[in-house]
Amino acid sequence: METMETHTEERKLRPTWEADQVNIAGFLLDHCKLGSRFDKELVQRVCGILEVNSIEVPSRGGYSIRAVYPRLSIAAHSCVPNIVHTIIQNDYQVQVRAAVPIKSGNSLTLCYTYALFPTIVRRELLLESKFFNCDCARCADPTELGTHLSTLKCNKCDNGIIVSSNPLENEAPWKCSDRSCGFQTSADAMRKILNVVQAEVEQLDALEPGPQAIEQREATIMKYKTVFHPRHSILLSIKHTLAQLYGRVDGYSIDELPDVMLERKAEFCRLVLKTLDVISPGDTRMRGMMLYELHAPLMFLSRNEFAAGIITQEQLKERLQDPIRCLADAARILMREDPQSPEGITGLIAQQSMEQLKASVESL
Numbered sequence: 009m010e011t012m013e014t015h016t017e018e019r020k021l022r023p024t025w026e027a028d029q030v031n032i033a034g035f036l037l038d039h040c041k042l043g044s045r046f047d048k049e050l051v052q053r054v055c056g057i058l059e060v061n062s063i064e065v066p067s068r069g070g071y072s073i074r075a076v077y078p079r080l081s082i083a084a085h086s087c088v089p090n091i092v093h094t095i096i097q098n099d100y101q102v103q104v105r106a107a108v109p110i111k112s113g114n115s116l117t118l119c120y121t122y123a124l125f126p127t128i129v130r131r132e133l134l135l136e137s138k139f140f141n142c143d144c145a146r147c148a149d150p151t152e153l154g155t156h157l158s159t160l161k162c163n164k165c166d167n168g169i170i171v172s173s174n175p176l177e178n179e180a181p182w183k184c185s186d187r188s189c190g191f192q193t194s195a196d197a198m199r200k201i202l203n204v205v206q207a208e209v210e211q212l213d214a215l216e217p218g219p220q221a222i223e224q225r226e227a228t229i230m231k232y233k234t235v236f237h238p239r240h241s242i243l244l245s246i247k248h249t250l251a252q253l254y255g256r257v258d259g260y261s262i263d264e265l266p267d268v269m270l271e272r273k274a275e276f277c278r279l280v281l282k283t284l285d286v287i288s289p290g291d292t293r294m295r296g297m298m299l300y301e302l303h304a305p306l307m308f309l310s311r312n313e314f315a316a317g318i319i320t321q322e323q324l325k326e327r328l329q330d331p332i333r334c335l336a337d338a339a340r341i342l343m344r345e346d347p348q349s350p351e352g353i354t355g356l357i358a359q360q361s362m363e364q365l366k367a368s369v370e371s372l
């Protein structure tokens, strides 16, 4: 661990340095009377190692803890990572796998932030917590490799979108893509918009799962549909949550949903999956969970069309192959996770559901 980066000089310039001096170093050396064994410099070095190299780990008690895995910490950062990791809660061992095929000699990369965050948020978080500016291809592209996770709509014209003129420069102005429009605004104004709307999203996240949780999220999408690109990070995060809520709360159980809501659930699942194809490709937990969510509307829509006489029995059997494939892929991805984790449990359910659905199709 002595070889791990601490960014001591940069940390000294931040208010948290003094807080650590008092609350951690001072507490250990003075209150706990460990001053004869350690000094403040060593304690601060350990604080730096934890701050820069640790990852968040869910504990058996339900709260989060920080852990340092020396081999895992060697992995570089990328906003389009090529490896995934799983923490086994029984003994806190970490398992690392390739998310996509990796050529010999290529770097192994993890995303140190949440993959669906927009560039301006990711880069500021990385600078704050990991002490570097990311200049990867995704960060450098105003459209985030075509995903539009940072893109707003221009309200000054009908044709343009608003993106950063230089995403690698934190204070670069944001401009409309339609040159005949000419609208531009400051990066600070963009941050304020994101902060205001993100605060609303956090209020939504505090709601108990139920009809109101769905209805208020749909209302928020409507409220901001003229402000953000439909695939913007904020709207996508709401749609990601709705994809999981539809079919799971009172009044919106999967067998109660009309076709229009089944199609909406499927639309949100596909939107998330399409985005993951670009920014988090391969076998990831989020992909596995979205594939599991997608199977249900596909299955019920097919059965509803058959019941209405729209498709034949043979067409039904063919259509049901799609949810079977979703379940098979979800099971393959999620059964690699900790069996006690929500993802691991979902993987087992996906495997059982796939076998039941295959048997049902064969009996038709």
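Note that my numbering gives residue 225 to position 217 of the sequence shown, counting from 1, and the numbers run on in steps of one.
Where a beta carbon is used, it is the ideal one built from N, C-alpha and C, also for glycine.
All of these numbers come straight from a predicted model, not from anything done at the bench.
Taking just the CA atoms, how far does residue j sit from residue i?
{"i": "M12", "j": "P78", "result": "8 Å"}
{"i": "A106", "j": "G43", "result": "45 Å"}
{"i": "K366", "j": "L160", "result": "43 Å"}
{"i": "V102", "j": "E322", "result": "46 Å"}
{"i": "P126", "j": "R239", "result": "11 Å"}
{"i": "L372", "j": "L328", "result": "11 Å"}
{"i": "A195", "j": "D143", "result": "17 Å"}
{"i": "S81", "j": "A123", "result": "18 Å"}
{"i": "I287", "j": "V88", "result": "5 Å"}
{"i": "N415", "j": "P350", "result": "Given a span of 9 to 372 for the chain in the structure shown, any question on residue 415 remains unanswerable."}
{"i": "P347", "j": "Q360", "result": "14 Å"}
{"i": "A304", "j": "M362", "result": "11 Å"}
{"i": "Y71", "j": "E10", "result": "28 Å"}
{"i": "V54", "j": "E210", "result": "33 Å"}
{"i": "L279", "j": "N61", "result": "33 Å"}
{"i": "E370", "j": "I169", "result": "49 Å"}
{"i": "E275", "j": "G355", "result": "22 Å"}
{"i": "N163", "j": "V235", "result": "7 Å"}
{"i": "E326", "j": "T283", "result": "27 Å"}
{"i": "M294", "j": "E345", "result": "12 Å"}
{"i": "N203", "j": "V171", "result": "17 Å"}
{"i": "I246", "j": "L342", "result": "23 Å"}
{"i": "N31", "j": "Q97", "result": "29 Å"}
Kindly indicate if chain B contains any beta-carbon less than 7 Å away from that of residue i.
{"i": "R22", "result": "The question asks about chain B, but that chain is absent: this structure has only one protein chain."}
Got a sec? Which residues, its chain only, sit under 6 Å from residue i by beta carbon, not counting five neighbours each side?
{"i": "A84", "result": "S115 and T117"}
{"i": "R146", "result": "C87, V88, E152 and L153"}
{"i": "F35", "result": "none"}
Inspect the beta-carbon positions of residue i and residue j and report whether they are closer than 7 Å.
{"i": "L302", "j": "C277", "result": "yes"}
{"i": "L299", "j": "A338", "result": "yes"}
{"i": "F139", "j": "H39", "result": "no"}
{"i": "L157", "j": "S241", "result": "yes"}
{"i": "V65", "j": "I95", "result": "yes"}
{"i": "R22", "j": "G56", "result": "no"}
{"i": "L215", "j": "A207", "result": "no"}
{"i": "V92", "j": "T292", "result": "yes"}
{"i": "V257", "j": "P289", "result": "no"}
Going by beta carbon distance, what residues of the same chain come within less than 8 Å of residue i, once the five residues before and after it are set aside?
{"i": "D385", "result": "Outside the displayed range of the chain (9 to 372) lies residue 385, so it cannot be described from this structure."}
{"i": "S188", "result": "C165"}
{"i": "E226", "result": "L250"}
{"i": "S173", "result": "P150, A180, P181, W182, K183 and Q192"}
{"i": "D263", "result": "F308"}
{"i": "L2", "result": "The question about residue 2 has no answer here: the residues shown for the chain are numbered 9 through 372."}
{"i": "R74", "result": "L58, S62, I63, E64 and V65"}
{"i": "I319", "result": "S310, E313 and R327"}
{"i": "T228", "result": "E208, V209, L212 and I246"}
Start and end of the beta strand (DSSP E) containing residue i?
{"i": "V171", "result": "I169 to S172"}
{"i": "V104", "result": "Q101 to A106"}
{"i": "S20", "result": "It should be noted that the sequence gives Lys, not Ser, for residue 20. Looking at the DSSP string, K20 is not in any beta strand (DSSP E); the run it does join, the alpha helix (DSSP H), is T16 to K20."}
Apart from the five residues on each side of it in sequence, which residues of its chain come closer than 7 Å, Cβ to Cβ, to residue i?
{"i": "Y120", "result": "H85, L134 and K138"}
Ends of the alpha helix (DSSP H) at residue i?
{"i": "A367", "result": "P350 to E370"}
{"i": "R311", "result": "R293 to A315"}
{"i": "S137", "result": "T127 to K138"}
{"i": "C147", "result": "A145 to A148"}
TODO: Determine, using beta-carbon pairs with one atom in the segment 298 to 313 and one in the segment 264 to 273, whether at least three such pairs fall under 8 Å.
DONE: yes
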